[in-house]
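Chains as they are written, first to last, in the working numbering: chain A, 439 to 650; chain B, 439 to 650.
These notes are about the structure you will find just below.
There are 2 protein chains.
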Amino acid sequence: MAYKLYYLDLRARGEPVRWLLKVLVQAYTEERISVFTQWPQRKKDFEFEVTPVLEVEGQQLHQTTVICRYLGQRHDLTSHDLWTRTRQEEVMEALHDVSNIVSTAFIARVRGDDAMAKGDAEKVKVKLAVVIRNIETRITEQGWILAAEMTWVDVCVAAYLDIYEEILGQDLLTGHPRTAALLKNVRSLPQISAWISERPGWTKFEDPEGLF
Amino acid sequence: MAYKLYYLDLRARGEPVRWLLKVLVQAYTEERISVFTQWPQRKKDFEFEVTPVLEVEGQQLHQTTVICRYLGQRHDLTSHDLWTRTRQEEVMEALHDVSNIVSTAFIARVRGDDAMAKGDAEKVKVKLAVVIRNIETRITEQGWILAAEMTWVDVCVAAYLDIYEEILGQDLLTGHPRTAALLKNVRSLPQISAWISERPGWTKFEDPEGLF
Numbered sequence: 439m440a441y442k443l444y445y446l447d448l449r450a451r452g453e454p455v456r457w458l459l460k461v462l463v464q465a466y467t468e469e470r471i472s473v474f475t476q477w478p479q480r481k482k483d484f485e486f487e488v489t490p491v492l493e494v495e496g497q498q499l500h501q502t503t504v505i506c507r508y509l510g511q512r513h514d515l516t517s518h519d520l521w522t523r524t525r526q527e528e529v530m531e532a533l534h535d536v537s538n539i540v541s542t543a544f545i546a547r548v549r550g551d552d553a554m555a556k557g558d559a560e561k562v563k564v565k566l567a568v569v570i571r572n573i574e575t576r577i578t579e580q581g582w583i584l585a586a587e588m589t590w591v592d593v594c595v596a597a598y599l600d601i602y603e604e605i606l607g608q609d610l611l612t613g614h615p616r617t618a619a620l621l622k623n624v625r626s627l628p629q630i631s632a633w634i635s636e637r638p639g640w641t642k643f644e645d646p647e648g649l650f
Numbered sequence: 439m440a441y442k443l444y445y446l447d448l449r450a451r452g453e454p455v456r457w458l459l460k461v462l463v464q465a466y467t468e469e470r471i472s473v474f475t476q477w478p479q480r481k482k483d484f485e486f487e488v489t490p491v492l493e494v495e496g497q498q499l500h501q502t503t504v505i506c507r508y509l510g511q512r513h514d515l516t517s518h519d520l521w522t523r524t525r526q527e528e529v530m531e532a533l534h535d536v537s538n539i540v541s542t543a544f545i546a547r548v549r550g551d552d553a554m555a556k557g558d559a560e561k562v563k564v565k566l567a568v569v570i571r572n573i574e575t576r577i578t579e580q581g582w583i584l585a586a587e588m589t590w591v592d593v594c595v596a597a598y599l600d601i602y603e604e605i606l607g608q609d610l611l612t613g614h615p616r617t618a619a620l621l622k623n624v625r626s627l628p629q630i631s632a633w634i635s636e637r638p639g640w641t642k643f644e645d646p647e648g649l650f
């Protein structure tokens, strides 16, 4: 049975799930919910009243990192040693954490609170620099995070970095050649390069113009 | 080699790790870092510049949910079926998410932004009600989250609920008898009841008085 993804009309926390489903060559459909016009009415359709939600054989699964880890393990794009897997998940969780602040920045902008939006945008830059420094030291000579072969963590990390590079500018990964190469390699996978050329552009909510 | 936990002088995100280490009967030491006087100087000692950090054989492991999942799996207090485990982790992640808003409420109060502190406190109540409703439906007749026996998720969920019941009042779990029983059962474990009677009180930063 095919997966069904429910998410807002944003890249944000949906993009790691999309990239992973594509790399795993899993059939899925997606329902994009307009953050401005549909979300308030749709919220109650989801058990935890948040998205992304992946419908798995009729059951709702919430939480980006939980969804991605499940998919990676189910379809065996994972390291098997517990300590290695844990250290990879640490990177994913740290990068995912940044999305909380990005989200509060965008929400503050919608509310017209420019001081808070700008403050959060600064916090994003500071936090992201720390996480990227750590990603760089964890990439092996083979080019993947703490592994000789690509795992789901590489795919999801690349999906987030793809967003942040577009938001914060092309020099985001300057000085971090292994991280830049990882992003390039994931973007070059046929399923991902196809998606990058066909995916919708930014919606107004997450258009970074002028904020970062 | 014994574990070493580094965390602030708070319950917050450290408490699930403490409870789990105690239930697993793992020897550990803890360094409590004063959030007001020591944290700014100590921050750079941690690779991701955040705590809690669990030192595992000389290596730093960050991120509350990653630390707890690692401990639960390493010491076999976990369900083994992937889908069951994933659905348990979903609950843990959702409850952990609430700690982000609790934290911004306390930080806003320190900054003297009472409107934001109160607004976040309201958000905590709304979010927590949704999560607790979901926990209730997932507790089995045997009393544990999606399992016949206690797993690490039950212990960590109880540690968070213990905090929130103290913050938000004794009627937090009214109408949710299975969740209340789960909390009571974890609190009654000898290691946990001993810890509850000996642990430090609230520090000023997280004293809920007047905020919720």
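Cβ coordinates follow ideal geometry from the N, Cα and C atoms, glycine included.
Quick caveat, the model's predicted, so the values are computed rather than measured.
Residue environment, residue i, which counts as buried when at least 16 other CB atoms sit within 10 Å
| i | result |
| --- | --- |
| A:M439 | exposed |
| B:T467 | exposed |
| B:R523 | buried |
| B:W477 | exposed |
| A:L520 | exposed |
| B:P628 | exposed |
| B:V473 | buried |
| B:I634 | exposed |
| A:K482 | exposed |
| A:T612 | exposed |
| A:R549 | exposed |
| A:A465 | exposed |
| A:A585 | buried |
| B:K565 | buried |
| B:T542 | buried |
| B:T617 | buried |
Within 9 Å, strictly: CB atoms of residue i and residue j
| i | j | result |
| --- | --- | --- |
| A:R449 | A:I583 | no |
| B:L509 | B:Y444 | no |
| A:E487 | B:Q501 | no |
| A:V569 | A:A597 | no |
| B:R451 | B:P638 | no |
| B:S517 | B:Q526 | yes |
| B:P490 | B:V593 | no |
| B:A532 | B:N572 | yes |
| A:V504 | A:Y441 | no |
| A:L620 | A:L610 | no |
is_contact[residue i, chain A] using C-beta, thresh 9 Å
| i | result |
| --- | --- |
| B:H614 | no |
| B:Q497 | yes |
| B:R451 | no |
| B:R525 | yes |
| B:D592 | no |
| B:Y441 | no |
| B:Q479 | no |
| B:N623 | no |
| B:V463 | no |
| B:Q511 | yes |
| B:E531 | yes |
| B:Y598 | no |
| B:L569 | Sequence inspection shows Val at residue 569 of chain B; the Leu mentioned does not correspond to that position. Closer than 9 Å: yes. |
CB contact below 9 Å: residue i versus chain B
| i | result |
| --- | --- |
| A:L520 | yes |
| A:Q580 | no |
| A:Y444 | no |
| A:T467 | no |
| A:F486 | yes |
| A:Q501 | yes |
| A:V595 | no |
| A:A543 | no |
| A:C540 | What sits at residue 540 of chain A in the sequence shown is Val, not Cys. No, A:V540 does not count as interfacial toward chain B. |
| A:E644 | no |
| A:D535 | yes |
| A:Y508 | yes |
| A:V504 | yes |
| A:V494 | yes |
CB-CB length for residue i against residue j, believed under 8 Å
| i | j | result |
| --- | --- | --- |
| B:W590 | B:L458 | 6 Å |
| B:I605 | B:F650 | 5 Å |
| B:D447 | B:T641 | 5 Å |
| A:D558 | A:A546 | 6 Å |
| B:V595 | B:M530 | 6 Å |
| B:F544 | B:E636 | Not confirmed; about 24 Å, so no contact. |
| A:I539 | A:K556 | About 12 Å; that fails the 8 Å criterion. |
Residue i Cβ short of 8 Å to the ligand NAP heavy atom set
| i | result |
| --- | --- |
| A:I583 | Judged by which ligands are present, the structure shown has none, so any question about the ligand NAP falls away. |
Contiguous beta strand (DSSP E) assignments of at least 3 residues, all confined to the region 442-521 of chain B:
466-471, 491-494 and 497-500
Only counting runs of 4 or more residues, tell me where the alpha helix (DSSP H) segments fall wholly within the region 535-604 of chain A, in order along the chain.
552-576
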